[in-house]
Each structure stands twice: as C-alpha cells, then as structure tokens.
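Trainee: In the UniProt record's numbering, the protein residues as written are 8 to 294.
A virtual CB, placed ideally from N, CA and C, is assigned to each residue, including glycine.
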Ligand code: ADP
Ligand code: MG
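(1) Does the Cβ of residue 291 have 16 or more other Cβ atoms within 10 Å, making it buried, or fewer, making it exposed?
(2) Could you give the first and the last residue of the continuous beta strand (DSSP E) run that contains residue 210?
(3) What first and last residue would you give for the alpha helix (DSSP H) that runs through residue 6?
(4) May I have the straight-line CA-CA distance separating residue 243 from residue 224, to the nearest angstrom?
(5) Could you tell me if residue 100 is buried or exposed, where buried requires 16 or more neighbouring beta carbons within 10 angstroms of its beta carbon?
(6) On the three-state DSSP scale, how would you describe residue 102?
(7) Taking the beta carbon of residue 10 as the centre, do at least 16 other beta carbons fall within 10 Å, making it buried, or is it exposed?
(8) Would you say the beta carbon of residue 219 is closer than 8 Å to some non-hydrogen atom of the ligand ADP?
(9) Collect the residues with a C-beta less than 6 Å away from any heavy atom of the ligand MG and give them in sequence order along the chain.
(10) In angstroms, rounded to a whole number, what distance separates the CA positions of residue 26 and residue 111?
(11) Ignoring anything shorter than 3 residues, give me the beta strand (DSSP E) runs that lie fully in the stretch 19 to 72, in order along the chain.
(12) Could you tell me if the beta carbon of residue 101 falls within a distance shorter than 8 Å of some heavy atom in the ligand ADP?
(13) If you check the beta carbons only, do residue 172 and residue 144 fall under 9 Å apart?
(14) Just curious, the beta strand (DSSP E) that residue 154 is in, first and last residue?
(15) Taking 8 Å as the cut-off, is the beta-carbon of residue 108 closer than that to any non-hydrogen atom of the ligand ADP?
(16) How about residue 39: is its Cβ closer than 8 Å to a heavy atom in the ligand ADP?
(17) Quick one: what's got a C-beta closer than 7 Å to residue 261's C-beta in the same chain, skipping five residues either side?
(18) Taking C-alpha atoms, which residue in 265, 269 and 253 lies nearest to residue 286?
(19) Cβ of residue 190 versus every heavy atom of the ligand ADP: is any distance shorter than 8 Å?
(20) Alpha carbon to alpha carbon, what distance is there between residue 164 and residue 127?
(21) Name the two residues that bound the continuous beta strand (DSSP E) containing residue 92.
(22) Provide the residue span of the alpha helix (DSSP H) that contains residue 165, from first to last.
(23) Among 139, 34, 29 and 120, which has the Cα closest to the Cα of residue 170?
(24) Just to confirm my understanding: we take residue 61, look at its own chain, exclude 5 residues before and 5 after, and list those with CB closer than 6 Å. What are they?
(25) Looking at the C-beta of residue 211, does it have a partner C-beta in chain C at a distance below 9 Å?
(26) Give the DSSP-derived three-state secondary structure of residue 84 in the structure shown.
(27) Comparing C-alpha positions only, which one of 133, 42, 266 and 139 sits nearest to residue 233?
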C-alpha cells in the first residue's frame with residue numbers, strides 16, 4: 008500500500024497532531040502537539056520543528072542538540088523523547104513544560120521576591136552544575152530558555168534550548184565561536200577570546216540580577232558599548248531598586264559577574280554561596 012512507500016519518519020509525523028504555537032526561533036518553531044502512537048493512547052509533547060533550509064550545512068548542530076540531551080537526566084533539564092525528519096524538516100519532541108517562560112513571569116511580576124528568586128536560581132545552578140560535570144556548556148541561558156513545568160506559582164523549572172550547547176572534549180577546552188544572546192552572554196563569549204563552562208555562570212548572574220530588580224544589568228545594544236559596560240568590573244545596584252535586597256544576594260551576583268572567568272565562581276561554588284545556604288532563612292522579605 009502507499010503508506011509503505013513513505014519513509015518511516017513520514018509515518019511518525021502522522022502520529023502528531025499540531026495544536027498550538029509555543030514559540031518561534033531562528034531555525035523554526037516549537038508547537039504543542041498531541042502524540043497518538045496508537046488508538047486510545049495520547050500524550051502532550053513540545054514539538055520543535057527545524058527547517059533544513061534554514062540550518063543549511065549546520066545539520067550537525069541539530070544532531071548535537073539531540074545527542075547532548077539524550078544522555079542527560081536531571082529534574083531541571085528538559086527531557087527529549089524522540090526525533091525524526093522529513094525531506095525538509097527536523098523534528099524533535101520534548102517533555103511539555105506548560106508553565107511558560109521565566110521571561111513571562113518576570114514580565115507579570117515585575118520582579119521576584121528574594122525567596123522566589125533564590126528558589127529559581129538554585130534550580131538553574133543545580134542544572135548547570137550537572138551539565139558542567141558532564142562537560143556540557145549550555146551557552147544560551149536566559150529567561151526565554153527557562154521554562155516552568157506547571158502553571159503553579161511555585162512550579163519547578165527546566166532549562167530548555169540546547170540549540171547551541173556544546174560537549175567539551177576535555178574540561179579545559181576553549182570554544183571560540185560566537186554564541187549566546189546579547190545581554191546574557193559572558194564577556195569572553197562576546198570577544199571570542201575563548202570560553203568554557205564558566206560562561207553559563209555569568210549568564211546565571213545576569214538572570215539573578217534581572218529577576219531581583221526587574222531590569223537587565225547590561226542594556227547597551229551596540230556590541231562595543233555593551234562590552235565596555237560589562238567589563239567595567241563593578242556591578243551597579245541602583246539604590247532606588249535595590250535597597251531592600253540583602254547584601255548576601257548582591258554578593259552572590261557580584262561573584263558571578265566577574266569579568267575574568269577563572270575568578271568567577273562555578274555552579275558548584277554558587278550552590279555553596281551563603282545566599283543559597285542561608286538565604287532561605289532570611290524570611291524578612293520586604294519587597
Ligand atoms: P529556539 O532555539 O528557537 O530559541 P527553543 O528551544 O528555545 O528554540 O524554543 C523556543 C520557545 O518555544 C521557548 O522559548 C519556549 O517558549 C517554547 N518551548 C520550547 N521547548 C518547550 C517545551 N519543552 N515545553 C514548552 N514550551 C517550549
Ligand atoms: Mg530559545
């Protein structure tokens with residue numbers, strides 16, 4: 008019959024019913040889809056559809072995204088279920104995070120209480136520690152790529168978008184290619200002077216800053232101006248917006264936003280920082 012003449016992945020595509028656009032990116036889009044492997048069995052997934060034309064000779068990058076994720080198992084890292092392709096598209100299926108992006112929660116709340124910020128950052132640090140122990144650099148940590156598993160205000164989060172993640176051959180390997188997003192990428196990533204796992208720690212510092220006050224620490228849009236702002240070597244906490252934030256939280260951010268990656272704290276060190284270990288006890292949240 009004619010079904011047999013179709014490639015196997017074509018049949019696979021038919022098991023998915025596309026339901027709603029979740030996000031759009033540089034190489035395609037992500038949609039909510041329901042998967043019906045056989046009658047009576049149904050599962051909601053996130054389906055990432057990547058146009059082969061747009062990734063061109065970079066098909067390897069798509070395989071990298073799958074291969075990096077396949078070996079991972081951590082509560083704060085999105086699960087990848089399956090992958091297949093058609094003539095002009097790649098399809099990746101992921102655990103569906105229905106709670107939306109951290110980005111949207113920042114927009115809704117304006118800023119986080121210190122307690123909520125701490126819970127969020129702790130989970131990101133935990134995922135980063137796990138990734139880095141497996142010699143994987145995410146390279147694009149930012150609020151758009153951090154997703155809530157459920158709609159609950161206290162929902163667990165997962166890190167998604169391993170589109171430009173890299174597995175390092177050895178822990179000292181230095182990546183040189185441009186990566187990441189303006190405002191979140193570390194200075195060594197922007198200058199192309201060589202980066203490793205510590206670039207994720209910078210991004211975590213930017214995220215921590217952003218959720219605690221509701222605006223980004225580095226807002227220049229011109230690359231050179233942005234670099235100048237980032238490498239001034241001191242983080243500015245504007246009194247008006249930061250006066251109620253504890254010095255321990257500010258110290259945590261300062262330890263991550265250190266220009267020299269060698270002197271910047273690692274994810275493991277971040278998890279041992281007093282803000283993480285004692286911060287939760289500081290219930291005197293005045294925000
Ligand atoms: P891109 O590389 O295009 O940025 P992402 O993997 O970041 O692709 O996905 C784009 C957007 O789609 C995300 O910012 C998020 O809003 C949504 N999305 C991605 N993966 C999931 C998922 N597993 N569950 C729910 N939404 C997702
Ligand atoms: Mg993304």
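Mentor: Checking against the coordinates, here is how it stands:
(1) The predicted position of residue 291 is uncertain, since its pLDDT is 49 and thus under 50; no value can be drawn from it.
(2) Looking at the DSSP string, residue 210 is not in any beta strand (DSSP E); the run it does join, the alpha helix (DSSP H), is 205 to 220.
(3) For residue 6 there is no data in the structure shown, the boundaries of the chain being 8 and 294.
(4) 8 Å
(5) buried
(6) strand
(7) Reliability of the predicted coordinates at residue 10 is poor, the pLDDT of 47 falling under 50, and the value obtained from them is presented with this limitation in mind. Exposed: under 16 other Cβ atoms inside 10 Å.
(8) no
(9) 32, 151, 152 and 168
(10) 21 Å
(11) 23 to 32, 35 to 42 and 50 to 58
(12) yes
(13) yes
(14) 153 to 155
(15) yes
(16) yes
(17) 242
(18) 253
(19) no
(20) 7 Å
(21) 87 to 92
(22) Run containing residue 165: none in the alpha helix (DSSP H); it sits in the beta strand (DSSP E), 164 to 166.
(23) 34
(24) 34
(25) Among the chains of the structure shown, chain C does not appear; only one protein chain is present.
(26) strand
(27) 266
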